[in-house]
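Numbering (the working numbering), first residue to last: 7 to 402.
Glycine included, each C-beta is placed from N, C-alpha and C at the ideal position.
Please read these numbers as outputs of a predicted model, since none were measured by experiment.
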């Protein structure tokens, strides 16, 4: 991506550590989860089944719906391949995947929520622009068809944002607004849709591109939880990767700092950038996937370090940093260490639990949905530029 997309697509975006104390995490005993491999997501009509990153994904009338997304169908990005965006809508039926319709335009890097009326696809971008469109995809099991209808547009073009749904309200947070990293927080009441999107108080701290958002029932009522994301290099300043989790109270319209993402066993920081979050049993949130903090930290700091080395005429540092940049996209999958941990946060006790390590979670830009205790992970990237068509499901 160019210009805006240089600071949006997660695989070119790089992270910098923000110091902070990690929270303890307990290891759940006897919680190993068994996974079932569902049929691979097919490619669009003229492409192979390569998988996509950053699709819309949700469930309506018991059917998994996946739409949009992007990949490199012709040749790898390391060979100069061009990113392609898709508009196809697929549904997973008992006999397998079926292409069943199209979005108004090709799009990826938006946000999705599942509602009783259909899955709502919010914003995103393609090779031309960032988008304001909001569409709802509804599946009719009797006719075996989908209907795509427009909902109120966002106030401004937004991409790489996050969304969550509670009751009749859709919440949207972070990402890029008009091409700039933002603190934006919006709400759409589906019971009063004529009102359109309501501007809520900005979340505090750094901007958050590609955060995760989830709702849940705390002891004090419904809350909205914001985690992950990052603020890229701005005005030649170091980027920021928040490690804290913020919480919004819809009753008081206030934000607070809820907790901190637990570090890994070796004490290194964790990020949820490129990851997923879903509500579980109303009072818990499951966090999963995303890039490795330290690998991305080295990458995001490299442009600033290189500029400093050039200013200082440090030839050794220049040579090293240029070599690292050239090699970055060419490492094997294991080198990138995408997150494999399934983390659970209990809203009542404010305690973290480790539910195990699973390679099926080692994705960035995947879709994640949960229904009837079944967690489904759709596609995503195994490493920068390389997608997987896999769809995996776990019974929790």
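Close Cβ partners of residue i (< 6 Å) along its chain, the five nearest in sequence each way excluded
i, result
"residue 312", "327"
"residue 292", "284, 286, 350"
"residue 124", "66, 142, 143, 144"
"residue 353", "222, 224, 289"
"residue 399", "42, 44, 380, 382"
"residue 92", "50, 74, 75, 112"
"residue 214", "180, 235"
"residue 155", "142"
"residue 323", "315"
Bounding residues of the beta strand (DSSP E) (the contiguous stretch that carries residue i)
i, result
"residue 141", "140-146"
"residue 233", "227-236"
"residue 294", "290-295"
"residue 220", "215-224"
"residue 252", "250-255"
"residue 58", "Here residue 58 belongs to no beta strand (DSSP E), and DSSP marks it neither H nor E."
"residue 108", "102-108"
"residue 373", "373-377"
"residue 359", "357-363"
"residue 389", "387-389"
"residue 204", "203-205"
"residue 399", "397-401"
"residue 93", "Here residue 93 belongs to no beta strand (DSSP E), and DSSP marks it neither H nor E."
"residue 43", "41-44"
"residue 281", "281-286"
"residue 381", "380-384"
"residue 124", "124-128"
"residue 119", "117-121"
"residue 243", "Note, residue 243: premise wrong, no beta strand (DSSP E); not H, not E."
Status (buried if at least 16 other CB within 10 Å, exposed otherwise) for residue i
i, result
"residue 396", "buried"
"residue 259", "exposed"
"residue 341", "exposed"
"residue 282", "buried"
"residue 385", "buried"
"residue 199", "exposed"
"residue 122", "exposed"
"residue 379", "exposed"
"residue 390", "buried"
"residue 90", "buried"
"residue 325", "exposed"
"residue 355", "exposed"
"residue 268", "buried"
"residue 387", "buried"
"residue 175", "buried"
"residue 40", "exposed"
"residue 186", "exposed"
"residue 6", "An answer regarding residue 6 cannot be provided, because it is not within the stretch 7 to 402 covered by the chain."
"residue 321", "exposed"
"residue 401", "exposed"
"residue 404", "Only positions 7 to 402 of the chain appear in the structure, and residue 404 is not among them; the question remains open."
"residue 166", "buried"
Residues near residue i by beta carbon distance below 7 Å, same chain, minus five either side
i, result
"residue 172", "221, 228"
"residue 217", "168, 179, 180, 232, 233, 234, 235"
"residue 56", "49, 77, 79, 393, 395"
"residue 212", "237, 246, 248"
"residue 184", "162, 163"
"residue 275", "23, 249, 269, 299"
"residue 363", "346, 347"
Opening and closing residue of the alpha helix (DSSP H) in which residue i lies
i, result
"residue 348", "Premise fails: residue 348 lies in the beta strand (DSSP E), 347-352, not in any alpha helix (DSSP H)."
Supposed contact pair residue j and residue i - C-beta distance, whole angstroms, cut 8 Å
i, j, result
"residue 113", "residue 106", "At roughly 17 Å, the Cβ-Cβ gap does not stay under 8 Å, so residue 113 and residue 106 are not in contact."
"residue 136", "residue 110", "That pair is no contact at about 15 Å."
"residue 253", "residue 264", "4 Å"
"residue 160", "residue 203", "6 Å"
"residue 118", "residue 62", "4 Å"
"residue 368", "residue 346", "5 Å"
"residue 219", "residue 170", "4 Å"
"residue 138", "residue 157", "Wrong, their Cβ atoms sit about 11 Å apart, outside the cutoff."
"residue 296", "residue 277", "6 Å"
"residue 95", "residue 128", "Actually they do not touch by this definition, with Cβ atoms about 15 Å apart."
"residue 310", "residue 376", "In fact, because the Cβ distance is near 39 Å, the residues do not count as touching under 8 Å."
"residue 32", "residue 359", "5 Å"
"residue 130", "residue 116", "3 Å"
"residue 331", "residue 308", "6 Å"
"residue 344", "residue 374", "That pair is no contact at about 14 Å."
"residue 99", "residue 69", "7 Å"
Chain C contact for residue i (CB, 9 Å cutoff)
i, result
"residue 372", "The chain labelled as chain C is not found in the depicted structure, where only one protein chain is given."
Beta-carbon proximity list for residue i, same chain, < 8 Å, skipping 5 on both sides
i, result
"residue 209", "179, 180, 189, 191, 232, 252, 254, 261"
"residue 81", "87"
beta-carbon residue i near the ligand SAM non-hydrogen atom, thresh 8 Å
i, result
"residue 337", "By its list of ligands, the structure shown contains no ligand whatsoever, and the ligand SAM lies outside what it can speak to."
May I have a chain-ordered list of the alpha helix (DSSP H) segments no shorter than 4 residues that lie completely inside the segment 307-347? 321-333, 339-342
Runs of 3 residues minimum, wholly inside the segment 133-195: which ones carry the beta strand (DSSP E) assignment? List check, beta strand (DSSP E) in window: 140-146, 151-157, 168-172, 175-179, 191-195.
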